[in-house]
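Mapping the sequence shown onto the UniProt record's numbering, position 62 (from 1) lands on 62, and the numbers just tick up by one.
First comes the structure, then the notes that go with it.
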Amino acid sequence: MSLKMAAPSRAQVLSLYRALLRESAGFSAYSYRTYAIRRIRDAFRENKTVSDVLEVQKLVKQAKENLTMIKRQVRRCMYK
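Dropping the structure here:
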């Protein structure tokens with residue numbers, strides 16, 4: 001039995017995009033901050049035409065993992 005998952009909504013994807021940008025702005029080092037923001041914008045722009053549900057789900061999962069990593073790195077930088 002296979003279960004189909006619904007594609008993330010546009011609102012969910014935009015919310016994830018804003019969360020990634022917001023967290024990346026927390027990097028104290030200018031070079032890290034600008035690199036992360038540029039990379040996020042480029043990745044979302046590059047994948048904005050993806051319409052395959054499975055591919056979108058994979059990209060959203062990857063973005064959520066990146067958000068977790070960015071949060072961890074920003075917190076780590078705050079205590080140095």
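Even for Gly, the Cβ is constructed at its ideal location relative to N, Cα and C.
Report the option in the options whose CA atom is closest to the CA atom of residue i.
| i | options | result |
| --- | --- | --- |
| Gln12 | Arg41, Lys61 and Arg33 | Lys61 |
| Gln73 | Arg18, Ala63, Leu16 and Tyr32 | Tyr32 |
Taking the C-alpha atoms as reference points, what is the distance between residue i and residue j?
| i | j | result |
| --- | --- | --- |
| Ile40 | Ala6 | 24 Å |
| Asn47 | Arg76 | 30 Å |
| Leu20 | Ser28 | 15 Å |
| Val50 | Glu65 | 19 Å |
| Val56 | Tyr35 | 24 Å |
| Arg38 | Leu67 | 14 Å |
| Asp42 | Tyr30 | 18 Å |
| Glu23 | Val53 | 26 Å |
| Pro8 | Lys58 | 10 Å |
| Ala25 | Arg45 | 19 Å |
What would DSSP say about residue i, mapped onto helix, strand or coil?
| i | result |
| --- | --- |
| Lys48 | coil |
Note to self: As an exercise, report each continuous alpha helix (DSSP H) stretch of at least 4 residues that is fully enclosed by the UniProt domain "Complex 1 LYR protein" (11-69), in chain order.
What the structure shows: 30-46
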